[in-house]
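S.K.: Let me give you the structure first, and then I'll get to my questions.
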Amino acid sequence: MKSFDPDLQRVIDKVRAAERLDREDGLAMFETPDLIALGQLANADKERRSGPFVAFVLNRQINPTNLCVLSCKFCDFAAKVGDDHAYEMTLEQIRQRVSEPIREVHIVGGLHPDWPFERYLEVLRVIRDANPRAQIKAYTAVEIDFFAHLERISVQEVLDRLCEAGLEMMPGGGAEVFSERIREAMYREKIGHERWLEIHEIAHQRGIRTNATLLYGHIETYQERVEHMLMLRRLQDCTSGFLSFIPLAFQPGYTNIVDRPASAVEDLKTIAAARLLLDNFPHIKAYWVMLGEETASMALQWGADDLDGTIGEELIAHAALAATPVGMTTQRLLKLVREAGRLPVQRDALYRVIAVYPPPGSATHWAQRLGRDTDDAVPLRGHFGEATPVDVEQFGLYTWDLVTGPAAEIRALASSLAPCDTVAQAVAPEHPVSRSRG
Ligand code: V47
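Throughout the sequence shown, residue numbering follows the numbering used here, covering 11 to 448 in sequence.
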C-alpha cells in the first residue's frame with residue numbers, strides 16, 4: 011500500500027511492521043489529504059479482525075426523561091422544569107416500547123432534578139420483566155456518578171444495584187472530549203475525563219463491558235481527538251473491558267456552536283483513525299443516526315465493523331435536528347451493509363452472534379472479495395433479494411469468532427451461498443468453537 015503523503019506513508023509502514031501508532035501518527039491520519047490510502051489501511055485492519063462481516067442489533071433506544079440538572083452548551087435535548095419540550099416517560103410508556111422482538115435496550119437520559127435512584131432502577135426492572143430476551147445497556151458514567159452522589163454510596167454499590175435490577179452493559183456516552191479546555195467551555199458542570207475513566211475502570215473490574223464515545227465536529231482540535239483516543243487505549247490496555255468505540259458526529263441544532271455537522275471526509279477520517287489507533291478495541295461503530303445513512307455505509311469501508319441497530323426512536327440527536335430517520339427497519343440496515351460490500355450479522359448487546367445473513371442473489375461479488383476468479387459482473391445496487399438469516403445463536407459465537415478458528419467456515423460457506431443447514435453444520439458442536447475475545 012502506497013500513499014502520496016509521506017506522513018501517512020510513515021503510518022502505513024508502521025502498521026505493516028506491526029508497530030503501535032502514537033500521537034504523531036494519529037495527527038498524520040487526521041491531517042492527511044490521502045483519504046483513500048487511509049481508508050485502505052483502516053479497512054485492511056478491519057478485514058483482519060472481522061473479515062467481511064458487519065454487525066447490527068435489533069435495539070430500541072429509550073431516553074426516559076430530558077429533564078436534566080446540567081446545562082451543557084452542546085445539548086439541545088436537555089430541558090428544565092416548565093420548558094415546553096420537557097418530558098418524563100411513565101413506566102407504562104417504557105414498558106410499551108420494549109415489547110417488540112428486540113435484543114438490546116439502550117437507555118440514556120437526563121439527570122432528573124427529582125427522581126430518586128429507585129426510579130432509575132425501576133426503569134430497568136420494568137424492561138427486564140417486559141422483555142427478558144432484551145439485554146439492557148444502560149446509564150452513562152455521568153449518570154452513574156450522579157446516582158452515587160444522590161444516594162451517597164460508592165460507584166461499586168451503584169453498579170451492584172443496577173446489575174441486580176437488570177443492567178448488563180454500559181453505553182459509552184458522556185465522554186464528550188477528554189479535554190479540560192473543552193469541558194470548561196461547553197460542559198463545566200459535567201464530570202471530567204478522570205472520573206469518566208475511573209467509572210468505566212470500576213465497571214470493567216466488576217465484569218461489566220462498556221462502550222466509549224467521542225463527540226467531535228465542534229470546537230475540538232485534531233490533537234484533542236487523538237489524546238482522547240490514546241487515553242481510552244491506555245485504560246483498555248489495563249482492563250480489556252471496552253467493546254466498541256463510537257465517534258459521535260456533533261449535530262449543531264440550535265446551539266450556534268458550528269454551522270453544520272462535520273463533513274463526510276472528517277467523519278471517515280475519524281472512523282479510520284479510531285480503527286488504527288484503538289488497536290485494542292474489538293469494534294468501531296458507525297452510528298448511522300449521527301453520521302447519516304450514506305456516510306455510515308461508507309464508513310464500513312473505512313474501518314467500522316458495526317452499525318449499531320434499528321434504534322426505534324432516538325431523541326438526543328433528533329432534538330438537535332439530525333436529518334436521519336428516527337428508526338431503521340432491518341431490511342434497510344441490511345441494504346446499507348450490503349451496499350458497502352459486507353455480510354450482515356445480527357448480534358446481541360455483547361456481540362454474540364444471533365444470525366448470519368448469507369448473500370442473496372449472485373455470489374459473484376463475495377467470490378471476488380475472497381479472491382476467487384470470476385468473470386461475472388459485480389451486482390451491487392438493487393440485486394439483493396431477501397436474505398434468509400441463518401440462526402447461529404445456539405453456538406455462542408462472538409463476532410470475532412467468525413474470522414478465527416473453526417467458525418471461519420461460516421465465512422467461506424456464506425460467501426459461496428451455502429445452503430443454510432450447511433452453514434449451521436459448520437459451527438455444530440462437533441466443531442469446537444473458539445470463544446476467545448478479539
Ligand atoms: O453522551 C448530545 C451525545 C451522547 C449531541 O454506547 C450529541 O453503544 C451529537 O452516547 N450531537 C448519547 N451528539 C448517545 C451515546 C451513544 C449513542 C449510540 C451508541 C452508544 C453506545 C452510545 O450523545 C451523549 C453526548 O455525548 N450528544 N448531544 C448532539 N447535538
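For every residue, glycine included, the Cβ atom is placed at its ideal position computed from N, Cα and C. Keep in mind the model is a prediction, meaning the values are calculated, not measured.
1) Starting from Phe66, trace the beta strand (DSSP E) both ways and give me its first and last residue.
2) Could you check which residue in Met300, Ser307, Ile281 and Gly227 has the C-alpha nearest to that of Val268?
3) Relative to the C-alpha of Val236, which candidate in Asp247, Ala213, Gly49 and Ser189 has its C-alpha closest?
4) Just checking, does the segment 245–264 make contact with the segment 289–305 on the three C-beta pairs under 8 Å criterion?
5) Below 7 Å between beta carbons: does that hold for Thr305 and Ala274?
6) With distances taken Cα to Cα, identify the nearest neighbour of Pro74 among Tyr130, Arg26 and Leu68.
7) Just to confirm, is the Cβ distance from Ala329 to Phe87 under 7 Å?
8) Could you give the distance in angstroms between the alpha-carbon of Arg30 and the alpha-carbon of Leu18?
9) Could you have a look at Gly406 and say whether DSSP puts it in helix, strand or coil?
10) Comparing alpha-carbon positions, which option in Arg244, Met338, Pro354 and Gln71 lies nearest Glu204?
11) In the DSSP assignment, find the unbroken alpha helix (DSSP H) run with Asp35 in it and report its ends.
12) Expressed to the nearest angstrom, what Euclidean distance is found between the alpha-carbon atoms of Gln71 and Val136?
13) Only counting the same chain, and skipping five residues up and downstream in sequence, which positions put a Cβ closer than 7 Å to that of Pro43?
14) When DSSP labels each residue in this structure, what does Lys345 get in the three-state scheme?
15) Return the chain-ordered ranges of every beta strand (DSSP E) run that is complete within the segment 150–237 and spans a minimum of 3 residues.
16) How about Ile112 and Ala151: do their beta carbons lie closer than 7 Å?
17) I'd like to confirm something about Leu412: is its beta-carbon nearer than 6 Å to some heavy atom of ligand 1, or not?
18) Can you give me the start and stop residues for the beta strand (DSSP E) that Arg357 sits inside?
19) State yes or no: is the C-beta of Ile229 nearer than 6 Å to some heavy atom of ligand 1?
20) Return the chain-ordered list of same chain residues with a C-beta closer than 7 Å to the C-beta of Asp35, the five sequence neighbours on each side being excluded.
21) Is it right to say Ala121 is buried, meaning 16 or more other beta carbons lie within 10 angstroms of its own, or is it exposed?
22) Any heavy atom of ligand 1 closer than 6 Å to the Cβ of Asn76?
23) Relative to the alpha-carbon of Glu41, which residue among Leu278, Leu407 and Glu323 has its alpha-carbon at the smallest distance?
24) Roughly how many whole angstroms lie between the Cα atoms of Val187 and Arg33?
25) Just checking, does the segment 196–216 make contact with the segment 75–94 on the three C-beta pairs under 8 Å criterion?
26) Taking 6 Å as the cut-off, is the CB of Leu258 close to at least one heavy atom of ligand 1?
27) Taking 6 Å as the cut-off, is the beta-carbon of Val187 closer than that to any non-hydrogen atom of ligand 1?
28) Just how far apart, CA to CA, sit Met241 and Glu208?
29) Can you check which of these residues, Ala213, Phe66, Tyr97 and Ser164, is closest to Leu177 by C-alpha distance?
30) For my contact list, Met300 and Ala259 are in at a C-beta cut-off of 8 Å; report their separation, rounded to the angstrom.
31) Just to confirm my understanding: we take Cys78, look at its own chain, exclude 5 residues before and 5 after, and list those with CB closer than 6 Å. What are they?
32) Within the present structure, is the beta-carbon of Val118 separated from the nearest heavy atom of ligand 1 by less than 6 Å?
33) Within 10 angstroms of its Cβ, does Ala28 collect 16 or more other Cβ (buried), or is it exposed?
M.R.: Concretely, from the data shown:
1) Phe66 -> beta strand (DSSP E) spans Phe63 to Val67.
2) Selected option, being the one with the closest Cα: Gly227.
3) Selected option, being the one with the closest Cα: Ser189.
4) Because the criterion of three Cβ pairs below 8 Å is met, the segment 245–264 and the segment 289–305 touch.
5) In contact: Thr305 and Ala274 (Cβ atoms closer than 7 Å).
6) Cα-wise, what sits closest to Pro74 is Tyr130.
7) Result yes, Cβ atoms of Ala329 and Phe87 sit closer than 7 Å.
8) Computed Cα separation, rounded: 14 Å.
9) In this structure, Gly406 counts as coil in the three-state DSSP scheme.
10) Here the closest residue by C-alpha is Arg244.
11) Per DSSP, the unbroken alpha helix (DSSP H) holding Asp35 starts and ends at Arg33 to Glu41.
12) Going from the Cα of Gln71 to the Cα of Val136 covers about 15 Å.
13) Once the five neighbours on either side are set aside, the close Cβ partners of Pro43 are Asp15.
14) Three-state result, Lys345: helix.
15) Correct list: 177–180 and 219–226.
16) In this structure, Ile112 lies away from Ala151, with their beta-carbon atoms at least 7 Å apart.
17) Short note on Leu412: C-beta not closer than 6 Å to any heavy atom of ligand 1.
18) That run of the beta strand (DSSP E) goes Leu353 to Arg357.
19) Outside the cutoff, so no.
20) Non-local beta-carbon contacts of Asp35 in its own chain, meaning distances under 7 Å to residues more than five positions away in sequence, involve Val21 and Lys24 in chain order.
21) A quick correction: the sequence has Leu, not Ala, at residue 121. With at least 16 other beta carbons inside 10 angstroms of its own, Leu121 counts as buried.
22) For ligand 1, not one heavy atom lies less than 6 Å from the Cβ of Asn76.
23) If we check each option's Cα against that of Glu41, Leu278 comes out closest.
24) Distance between the alpha carbons of Val187 and Arg33 is about 16 Å.
25) Because the criterion of three Cβ pairs below 8 Å is met, the segment 196–216 and the segment 75–94 touch.
26) Result yes, Cβ under 6 Å from ligand 1.
27) Every heavy atom of ligand 1 is 6 Å or more from the Cβ of Val187, so no.
28) If I take the Cα positions, the gap works out to 12 Å.
29) Among Ala213, Phe66, Tyr97 and Ser164, the Cα nearest to that of Leu177 belongs to Ala213.
30) The pair is a contact, with the Cβ atoms about 4 Å apart (cut-off 8 Å).
31) Sequence-distant partners of Cys78 (beyond 5 residues in either direction) whose C-beta falls short of 6 Å from its own C-beta, in its chain, are Ala88, Gly120 and Leu121.
32) Val118: yes, Cβ under 6 Å from ligand 1.
33) That one is exposed.
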